[in-house]
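Student: Have a look at this one.
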Amino acid sequence: MRLNINPTRMELIKLKKRTAVAKRGHKLLKEKRDGLMKKFMEIIKETKTLRETIDQKLAKAFRTFLFAAANMRPEVCEESLSYPSQKLSLEVGTENVMSVRIPQFKSKLEGDWLCYGLVSTPQELDLSMKLFSEALEDMVKLAQIEHSASLLAQEAERTRRRVNALEYVLIPNLEETAKYITMKLEEQERSAFSSLMRVKEVIR
Amino acid sequence: MEYKIAIIGLHNVILGFKGLGMDTFSVDKPKQALDTLKDLITKKEHAIVFITEDIAQDIKEELEELSRVTLPAIIAVPSHKGSFGVGLGRLRKTVEQAVGSDILFRK
Numbered sequence: 002m003r004l005n006i007n008p009t010r011m012e013l014i015k016l017k018k019r020t021a022v023a024k025r026g027h028k029l030l031k032e033k034r035d036g037l038m039k040k041f042m043e044i045i046k047e048t049k050t051l052r053e054t055i056d057q058k059l060a061k062a063f064r065t066f067l068f069a070a071a072n073m074r075p076e077v078c079e080e081s082l083s084y085p086s087q088k089l090s091l092e093v094g095t096e097n098v099m100s101v102r103i104p105q106f107k108s109k110l111e112g113d114w115l116c117y118g119l120v121s122t123p124q125e126l127d128l129s130m131k132l133f134s135e136a137l138e139d140m141v142k143l144a145q146i147e148h149s150a151s152l153l154a155q156e157a158e159r160t161r162r163r164v165n166a167l168e169y170v171l172i173p174n175l176e177e178t179a180k181y182i183t184m185k186l187e188e189q190e191r192s193a194f195s196s197l198m199r200v201k202e203v204i205r
Numbered sequence: 005m006e007y008k009i010a011i012i013g014l015h016n017v018i019l020g021f022k023g024l025g026m027d028t029f030s031v032d033k034p035k036q037a038l039d040t041l042k043d044l045i046t047k048k049e050h051a052i053v054f055i056t057e058d059i060a061q062d063i064k065e066e067l068e069e070l071s072r073v074t075l076p077a078i079i080a081v082p083s084h085k086g087s088f089g090v091g092l093g094r095l096r097k098t099v100e101q102a103v104g105s106d107i108l109f110r111k
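Line by line, the protein sequences are chains A and B.
Just so we're aligned, residue 2 is where the first sequence starts under our numbering, counting upward by one.
Just so we're aligned, residue 5 is where the second sequence starts under our numbering, counting upward by one.
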């Protein structure tokens, strides 16, 4: 589609500049897209495997825990877990991948998860807590890479759209308009030339 | 900066994580979970919010909207009923969004 611009030399110069900028932007965005995809591919495989293991591990842990909880009176269960002796905190850093900020989590544990009396609680509780505590590190890792993957995916999609818009819409439009203006100007020149010849003929 | 980890789910299911030092938020209804989640996002104290799949599968669309921010990371985890594949489903969507077609799960 031709842009709606007056066919003048001035506009032609402007257009040429715009085309150059658009082409450069297109090249850069294409590189950004490739970079994003590279990083995405690196982590997505890992995410999938980790997600599958976590799904299994946690489902098992939750089931064990439910059985353990069913073995106790609800109040006892509540009581034994309401004052955790383990402190869990998270250090968060960010990594910059092609100007997408993806999080880096590092969990910090203090103390032990054993925060209840062994006498009043069934053995299954210990087992399930152990399962939970084993899964914890993987969960943090999963959270990190799965979230990174989704952030990267969003940015990748956006970048791909921009690349396509430049490649298939903006740049062709600019080029077509530039061509139209050049032809128009040439045509004007020819017509001026021929009328000049005619005038010269008349006054001779 | 130090952050905490939160988990949202049914009360007796997530209780175990309390013993591990996570902040637990017990909910019964998906709507309630959504409110809690929004609350947690505005407070910005938690870097990771886990949400059990039995709750998450009813608020999938909203989760999609909310997990666009850098922090917190909102992650679905399976519940006592096992995995419904919400987590894997989200992963598949991510792949489709980035690549344009499903290259991981297509068999």
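Every residue gets a Cβ at the ideal spot worked out from N, C-alpha and C, and that includes glycine.
Is any beta-carbon of chain A found at less than 8 Å from that of Phe29(B)?
Tutor: As a working note, residue 29(B) is residue 25 in the second sequence. It does not: the Cβ of Phe29(B) has no partner Cβ on chain A nearer than 8 Å.
Student: When Cβ atoms are compared, which residues of the stretch 72-93 of chain B fall closer than 7 Å to chain A?
Tutor: For the stretch 72-93 of chain B, which is checked against every Cβ of chain A, the residues closer than 7 Å are Arg72, Thr74, Leu75, Ala77, Ile79, Val81, Pro82, Ser83, His84, Gly86, Ser87, Gly91, Leu92.
Student: Assuming Ala179(A) and Lys17(A) make a contact with CB atoms under 8 Å, what is their CB distance in whole Å?
Tutor: Along the first sequence, read from residue 1 onward, the residue named residue 179(A) stands at position 178. Along the first sequence, read from residue 1 onward, the residue named residue 17(A) stands at position 16. Indeed, because the Cβ distance is near 6 Å, the residues count as touching under 8 Å.
Student: Who are the Cβ neighbours of Ala136(A) in its own chain at under 8 Å, not counting the five residues just before and after it?
Tutor: Residue 136(A) sits at position 135 when you count from the first residue of the first sequence. So the qualifying residues of the chain are Ile55, Lys58, Leu59, Ala62.
Student: According to the Cβ coordinates, are Val182(A) and Leu13(A) closer than 8 Å?
Tutor: The count along the first sequence starts at 1 and reaches residue 182(A) at position 181. The count along the first sequence starts at 1 and reaches residue 13(A) at position 12. Note on residue identity: the sequence assigns Ile, not Val, to residue 182(A). In this structure, Leu13(A) lies closer than 8 Å to Ile182(A) by Cβ.
Student: List the residues of chain B whose Cβ lies closer than 8 Å to the Cβ of Val212(A), in chain order.
Tutor: Lying before the first or after the last residue shown, residue 212(A) is absent from chain A, which here runs from 2 to 205.
Student: Does DSSP classify Arg199(A) as helix, strand or coil?
Tutor: Stepping through the first sequence from its first residue, residue 199(A) is reached at position 198. Three-state result, Arg199(A): helix.
Student: Give the secondary structure of Gly26(A) by DSSP, where H, G and I count as helix, E and B as strand, and everything else as coil.
Tutor: As a first step, residue 26(A) is located in the first sequence; it is residue number 25 there, counting from the start. Looking at Gly26(A) - three-state DSSP - the assignment turns out to be helix.
Student: In the DSSP assignment, the alpha helix (DSSP H) including Leu44(B) goes from what residue to what residue?
Tutor: For the purposes of this step, residue 44(B) is identified with residue 40 of the second sequence, where counting begins at 1. Residues 34-47.
Student: Using a Cβ cut-off of 8 Å, pull out every chain B residue sitting near Ser195(A), in sequence order please.
Tutor: Translated into the one-based positions of the first sequence, residue 195(A) becomes position 194. Result: empty, since nearest Cβ-Cβ is about 55 Å, beyond 8 Å.
Student: Could you work out which residues of chain B lie near Met130(A), taking near to mean beta carbons separated by less than 9 Å?
Tutor: Position 129 of the first sequence, counting from 1, holds the residue named residue 130(A). Chain B residues near Met130(A): Gly20, Gly23, Leu24.
Student: Is Leu67(B) close to chain A, meaning its C-beta is less than 8 Å from at least one C-beta of that chain?
Tutor: For the purposes of this step, residue 67(B) is taken as residue 63 along the second sequence, with counting starting at 1. Closer than 8 Å: no.
Student: Considering only C-alpha positions, which residue in the set Val103(B), Leu41(B), His84(B), Asp106(B) is nearest to Asp58(B)?
Tutor: As a first step, residue 58(B) is located in the second sequence; it is residue number 54 there, counting from the start. That would be His84(B), whose Cα lies nearest to the Cα of Asp58(B).
Student: Could you say which of Leu70(B), Ile18(B), Ile9(B) lies nearest to Thr65(A) if we only look at CA atoms?
Tutor: Along the first sequence, one-based indexing puts residue 65(A) at 64. The shortest C-alpha separation from Thr65(A) is found at Ile18(B).
Student: Quick check on DSSP: helix, strand or coil for Ser108(A)?
Tutor: One-based indexing of the first sequence puts residue 108(A) at position 107. Ser108(A) falls in the strand class under three-state DSSP.
Student: Hey, would you say the C-beta of Thr98(B) is under 7 Å away from at least one heavy atom of the ligand PLP?
Tutor: Of the ligands one can find in the structure shown there are none, so the ligand PLP has no counterpart to examine.
Student: Under 8 Å Cβ-Cβ, which residues of chain A neighbour Leu70(B)?
Tutor: One-based indexing of the second sequence puts residue 70(B) at position 66. The contacting residues do not exist; Leu70(B) stays about 11 Å from chain A at best.
Student: In the DSSP assignment, the alpha helix (DSSP H) including Glu135(A) goes from what residue to what residue?
Tutor: For the purposes of this step, residue 135(A) is taken as residue 134 along the first sequence, with counting starting at 1. 124-166 is the extent of the alpha helix (DSSP H) around Glu135(A).
Student: Determine the contact status of Val81(B) and Met99(A), defining contact as a CB-CB distance below 8 Å.
Tutor: Looking up residue 81(B) in the second sequence gives position 77. Looking up residue 99(A) in the first sequence gives position 98. It is not a contact, given that the beta carbons lie outside the stated cut-off.
Student: Taking 7 Å as the limit between beta carbons, can you name the residues of its chain near Ser121(A), skipping five residues before and five after?
Tutor: Working through the first sequence from its first residue, we reach residue 121(A) at position 120. Once the five neighbours on either side are set aside, the close Cβ partners of Ser121(A) are Val77, Ser81.
Student: Does DSSP classify Leu19(B) as helix, strand or coil?
Tutor: As a position in the second sequence, residue 19(B) is number 15, starting the count at 1. Of the three classes helix, strand and coil, the one that applies to Leu19(B) here is helix, per DSSP.
Student: Could you have a look at Val170(A) and say whether DSSP puts it in helix, strand or coil?
Tutor: By 1-based counting over the first sequence, the position of residue 170(A) is 169. If DSSP states are grouped into helix, strand and coil, Val170(A) belongs with the helices.
Student: What would DSSP say about Phe88(B), mapped onto helix, strand or coil?
Tutor: The residue you call residue 88(B) lines up with position 84 of the second sequence. Looking at Phe88(B) - three-state DSSP - the assignment turns out to be coil, as it is neither helix nor strand.
Student: Could you name the residues of the same chain whose beta carbon sits closer than 8 Å to that of Lys111(B), not counting the 5 residues immediately before and after it, in chain order?
Tutor: Position 107 of the second sequence, counted from the first residue, corresponds to residue 111(B). Reliability fails at Lys111(B), whose pLDDT of 48 lies under 50, so the model's placement of it is uncertain and the value that follows must be treated cautiously. Once the five neighbours on either side are set aside, Lys111(B) has no close Cβ partner at all.
Student: Quick one, which residues of the stretch 21-45 of chain A are near chain B if we go by CB-CB under 9 Å, in chain order?
Tutor: Of all residues in the stretch 21-45 of chain A, Leu37, Met38, Phe41, Met42, Ile45 have a Cβ within less than 9 Å of some Cβ in chain B.
Student: Using a cut-off of 8 Å between C-beta atoms, extract the partners of Ala37(B) located in chain A.
Tutor: Translated into positions along the second sequence, residue 37(B) becomes position 33. Those do not exist, as Ala37(B) stays about 17 Å from chain A at its closest Cβ, beyond 8 Å.
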